[in-house]
Amino acid sequence: MKKALKIFAVIAGILFILGISIFFYFRSLFSFDEKYFEGNSGIKLPEGYEVVTFIDDGEMTALAEIQLPKDKVEAFISDNELKQFSNEFTVLRIRFGLLGNDYNLPGKNSFSIKDCGECNCWEYVVDKDKGILWAQIDYPDYSGDCPTGKNLRDLK
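Under the working numbering, the letters of the sequence shown match residues 106 to 261, in that order.
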C-alpha cells in the first residue's frame with residue numbers, strides 16, 4: 106500500500122510540474138514580448154509603459170495597444186522621427202478592430218512610422234493626445250511567405 110501511494114505521489118508531482126510548464130509555455134506564446142517588438146522595429150519603448158491589449162493571430166501579425174507615460178509621449182515621437190499620421194487606409198487601421206476596442210482609434214493628432222526588413226514589416230502609430238501607441242509586426246506565415254513578398258526559402 107505504501108509503495109502504491111509513493112508511486113501515485115510521484116506521478117501526481119510529475120503531472121503537476123508538466124501542467125505548470127505547459128501553462129507557462131502557452132502563456133508566453135500569447136503575451137507581449139518587448140524584445141521582439143524592439144528587435145524588429147529598432148524602436149525602444151519608454152520606461153513605464155503599460156500593455157493595454159495584445160494579440161498575435163498566430164499566422165502573420167502581432168499587434169499591441171500600449172499606453173505610454175504621458176510625460177514621455179512627445180520624446181517618443183521626436184526621438185523616433187514619427188511623422189504626422191495621414192489617416193491613410195493602412196493594414197494597421199484595418200486591424201484595430203482585432204483588439205476589441207473599436208472606438209479607440211488614432212485621432213487627428215497622431216504620428217506614425219513604418220518600415221520593412223528582409224522578411225518582417227512593422228508599423229507604429231501614436232496618438233499624441235491619448236498617449237496610446239498601436240504597434241504592429243507582420244511576420245512570415247506558416248508557408249514561409251513574408252509580408253514583403255519574399256519567401257523564407259528564397260532567403261537562405
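All C-beta atoms, glycine included, are put in the ideal place defined by N, C-alpha and C.
- By the neighbour-count criterion, in which a residue is buried when 16 or more other Cβ atoms sit within 10 angstroms of its Cβ, isoleucine 119 is exposed.
- By the Cβ test, the stretch 175-192 is not in contact with the stretch 244-260, since fewer than three Cβ pairs between them sit closer than 8 Å.
- CA-to-CA, the gap between aspartate 138 and phenylalanine 113 works out to about 38 Å.
- Of all C-beta pairs linking the stretch 153-166 to the stretch 215-231, fewer than three are shorter than 8 Å, placing the two stretches out of contact.
- Annotation for aspartate 246: no alpha helix (DSSP H) segment contains it, and DSSP assigns it neither H nor E.
- Restricting attention to Leu150, Tyr247 and Gly212, the CA atom closest to the CA of glycine 163 is found in Tyr247.
- Per the DSSP secondary-structure output, cysteine 224 pairs with nothing in a beta bridge.
- Secondary structure at isoleucine 218: strand, using DSSP grouped into helix, strand and coil.
- If you ignore the 5 residues before and after cysteine 251, its C-beta comes within less than 6 Å of the C-beta of Cys224 and Pro245, all in its own chain and listed in chain order.
- In terms of Cα proximity to aspartate 184, the closest of Lys149, Met165 and Ser191 is Lys149.
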